[in-house]
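Worksheet: the structure to be examined is printed underneath.
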Amino acid sequence: MKTTFRPRLLNGQTGDPALLVSLRWQGRAVLVDLGRIDRTPGAVLLPIEAVFVSHAHMDHFMGFDQLLRLFLAREGTLRLFGPAGIADCVQGKLAGYTWNLTDEYAFTLEVTEIDTTEMRSWRFAASRRFAREPLDTVPFTGVCFEDGILTVEAAPLDHKIVSLGYAITERTHLNVRPEALAAAGLRPGAWLNKLKTAVRDGAAPDAPIEVAPGDLRPLGALRDDLLIVTPGQKIAYVVDVLFSPANAARIVRLARGADVFFCESPFLDADLDQASKRYHLTARQAGALARAAGVARLQVFHFSPRYEGRYGEIVAEAQAEFAGREMRYGELDGRGASLS
Ligand SMILES: [Zn+2]
Ligand SMILES: [Zn+2]
């Protein structure tokens with residue numbers, strides 16, 4: 001099956017967390033976490049429309065300046081989501097520079113704090129020298145972002161502060177059957193994207209779609225003849241969390257059935273005490289969570305540099321646990337953490 005989401009860890013498994021999810025054929029992208037991004041070419045970053053930050057520890061947020069600099073002279077709005085307090089962090093960063101020459105700029109930053117029951121938003125416009133202006137406050141029930149293509153869910157997790165886990169789901173997956181296209185005497189073109197958008201938006205079956213200049217056909221017939229509609233892809237992302245019963249339950253719910261689960265794995269299980277003390281997972285715990293959530297693929301990352309030269313052991317431990325080879329599910333319960 002052709003995939004729409006193309007996820008890529010910009011700094012690999014060992015560098016700062018920054019997961020770029022490109023939406024193929026859409027020319028759009030979202031970024032999950034904002035660690036260093038200075039080694040990524042600007043052209044790769046410019047399609048970003050929204051950034052989802054887990055928490056504002058440096059390794060997850062220090063790329064903010066680089067992204068701001070890239071977007072500053074552009075028109076449009078960049079949206080940034082994060083836990084309660086993220087707007088203060090943004091404001092603090094913006095206050096670190098002088099903005100006397102941006103009055104003509106059309107760039108706006110829109111920041112949304114995801115709190116337990118509500119989402120609060122502010123606007124920072126370059127033309128207003130990034131003064132903080134309140135926008136709306138809306139209820140939060142799990143979904144923090146939604147448009148015609150994707151839905152983003154957020155889950156607050158315990159890292160001694162809130163670290164947000166995210167799940168990005170494609171609403172529906174629409175594939176074109178090329179043989180049906182040829183049989184109908186049609187040529188591929190921009191109209192296919194319009195057809196897909198209309199289908200996703202739930203347009204009426206008799207809505208006309210222009211398949212060639214002057215050739216209008218009803219949406220319903222085109223959809224039935226040309227498209228295969230399947231459930232969308234899902235990508236889950238969890239970093240910097242304690243392995244506690246409450247966290248485990250939330251992570252399993254968030255990542256349930258994901259096609260790819262990006263999960264932090266800073267420590268080997270031999271250093272379990274250290275991991276718990278620092279509110280982080282071990283590789284084995286990441287594997288157990290992935291298995292409990294029934295994900296298709298586990299991608300571990302965010303390794304502690306203390307294991308440099310031994311990163312293969314982390315991956316092996318996580319994958320062995322994920323595959324159920326090393327240890328039975330119940331054994332984790334004995335450590336005071338239930339996965340149910
Ligand atoms: Zn971290
Ligand atoms: Zn952290």
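Take the sequence shown: its letter number 288 is residue 288 in my numbering, and every next letter is one higher.
Ideal Cβ positions, reconstructed from N, Cα and C, are used throughout, including at glycine.
Query                                                                                                           : Result
ASN100: first and last residue of the uninterrupted beta strand (DSSP E) it sits in                             : Premise fails: ASN100 is in no beta strand (DSSP E) and is neither H nor E.
Residues near GLU321 by beta carbon distance below 6 Å, same chain, minus five either side                      : ARG284, GLY287, ALA288
Whole-angstrom C-beta distance between VAL238 and LEU157, which should lie under 8 Å                            : 7 Å
Heavy atom of ligand 1 within 7 Å of PRO17 beta-carbon                                                          : yes
TYR166, buried or exposed, once every other Cβ within 10 Å from all chains shown has been counted against 16    : buried
Test item: CB-CB of LEU227 and VAL176 under 8 Å                                                                 : yes
Burial state of LEU216, where buried means 16 or more other Cβ atoms lie within 10 Å                            : exposed
Same chain, Cβ closer than 6 Å to GLY334, neighbours up to 5 away in sequence not counted                       : For GLY334, the predicted structure reports a pLDDT of 40, less than 50, and the residue's modelled location is therefore unreliable. The matter cannot be settled from this model.
Nearest-angstrom Cα separation, counted from GLU170 out to VAL260                                               : 13 Å
Other residues of its chain near ASP136: CB distance less than 7 Å, five sequence neighbours each side excluded : SER121
Distance between LEU10 and LEU164 (C-alpha atoms, nearest Å)                                                    : 19 Å
contact_flag[the stretch 102-118, the stretch 82-89] where n(CB pairs < 8 Å) is 3 or more                       : yes
Residue span of the beta strand (DSSP E) that contains ALA125, given as start and end                           : 118-125
Residue span of the beta strand (DSSP E) that contains HIS173, given as start and end                           : 172-176
C-alpha gap between PRO213 and ALA207, whole angstroms                                                          : 16 Å
Neighbour-count burial assignment, LEU46, 16 or more Cβ in a 10 Å radius                                        : exposed
Outcome for PRO119 when other beta-carbon atoms lying within 10 angstroms are tallied against a minimum of 16   : Pro is not the amino acid found at residue 119; the sequence shown has Met there. By the neighbour-count rule (16 or more Cβ atoms within 10 Å), MET119 is buried.
As assigned by DSSP and simplified to three states, the class of THR14                                          : coil
CA nearest to the CA of VAL44, picked from VAL138, ALA56, VAL30                                                 : VAL30
Three-state class that DSSP yields for ARG132 in the structure shown                                            : strand
Same chain only: Cβ atoms within 7 Å of GLY336, ignoring 5 sequence neighbours per side                         : No answer about GLY336 holds up, because its pLDDT of 38 lies below 50 and its placement is not dependable.
Residues near SER265 by beta carbon distance below 6 Å, same chain, minus five either side                      : ALA283, ALA286, VAL300, ILE314, ALA318
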